[in-house]
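>
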Amino acid sequence: MLDALVASLVLLLVVAGVVVILGPRNVIRRIGSIRRPTRVPAVFQTRGPREVVPPALNPKTQRVVIAAARLSNWMRAHGHEDVAREIRNGAARMAGNEPAGLYALQTTLRRIRVVNITDSASQERLKALVNELRTAVQDRFEQLELLPFRRP
Numbered sequence: 021m022l023d024a025l026v027a028s029l030v031l032l033l034v035v036a037g038v039v040v041i042l043g044p045r046n047v048i049r050r051i052g053s054i055r056r057p058t059r060v061p062a063v064f065q066t067r068g069p070r071e072v073v074p075p076a077l078n079p080k081t082q083r084v085v086i087a088a089a090r091l092s093n094w095m096r097a098h099g100h101e102d103v104a105r106e107i108r109n110g111a112a113r114m115a116g117n118e119p120a121g122l123y124a125l126q127t128t129l130r131r132i133r134v135v136n137i138t139d140s141a142s143q144e145r146l147k148a149l150v151n152e153l154r155t156a157v158q159d160r161f162e163q164l165e166l167l168p169f170r171r172p
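21 is the number of the first residue of the sequence shown in my numbering; add one for each residue after it.
1) In angstroms with no decimal places, state the Cα-to-Cα distance between residue 160 and residue 99.
2) Taking C-alpha atoms, which residue in 146, 82, 152, 105 lies nearest to residue 118?
3) Could you tell me if residue 48 is buried or exposed, where buried requires 16 or more neighbouring beta carbons within 10 angstroms of its beta carbon?
4) Could you check if residue 92 is buried or exposed, using at least 16 other CB atoms within 10 Å of its CB as the buried criterion?
5) My understanding is that residue 112 touches residue 89, with C-beta atoms under 8 Å, so please give their C-beta distance in whole angstroms.
6) Which residue's Cα is closest to the Cα of residue 145: 95, 86, 21, 55?
7) Counting C-beta neighbours from all protein chains within 10 Å, is the total for residue 26 16 or more, i.e. buried, or is it exposed?
8) How is residue 50 classed by DSSP in three states: helix, strand or coil?
9) Do residue 103 and residue 126 have their C-beta atoms within less than 8 Å of each other?
10) Go through the stretch 99-132 residue by residue and report every complete run of the alpha helix (DSSP H) that reaches 4 residues or more, in order.
11) Hey, how far is the Cα of residue 101 from the Cα of residue 131?
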C-alpha cells in the first residue's frame with residue numbers, strides 16, 4: 021500500500037516537472053490539439069461484398085464461361101471428373117490468357133466427342149451443352165481473329 025502511494029507521488033511530481041519545463045500555456049495548447057478520431061477504426065468496420073466476376077469481362081467471353089460451367093457441372097454430375105476438371109481449368113485460364121483458355125476448351129471439346137452415354141435423353145443433353153459451348157467458343161475465336169475453329 022505504501023509502495024502504491026509512493027509511486028503515485030513520484031508520478032505526480034514528474035508530471036508537474038514536465039508542465040513547469042514546457043510552460044502551462046504550451047501544455048494546454050498541446051492537450052487541446054489532440055482530437056478524437058472522427059471515424060471508426062478499420063478493425064471494427066464490416067467488409068463489403070467481394071465481386072466474383074471481373075467487371076470488364078467481354079459479353080461473349082461471359083457466354084463461354086457460363087457454357088463451360090454448365091457443361092462442367094453436367095459432366096461432373098455424370099461421373100466424368102477428369103473432363104469436367106479440364107473444362108473448368110480452360111475456363112479459369114481465360115481470365116489471365118484468353119486465347120490459351122479458348123484453345124484449351126477447344127482441345128477438351130474434341131475429347132468430349134469420345135464420351136458415350138447410354139441414356140438417350142442424357143446423350144441429347146450432352147450434345148446440346150457441347151454445341152452451346154462450341155458455338156460460344158467459335159464466336160469468341162472469330163471475334164479475337166484467332167486461328168479458325170474447325171468444324172467436326
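C-beta atoms are modelled at their ideal positions from N, C-alpha and C, and glycine is treated no differently.
Per the coordinate set shown:
1) 29 Å
2) 82
3) exposed
4) buried
5) Taking a contact as a CB-CB distance under 8 Å, the pair residue 112 and residue 89 does not count as one, their CB atoms being some 10 Å apart.
6) Among 95, 86, 21, 55, the Cα nearest to that of residue 145 belongs to 95.
7) exposed
8) helix
9) no
10) 101-116, 118-132
11) 13 Å
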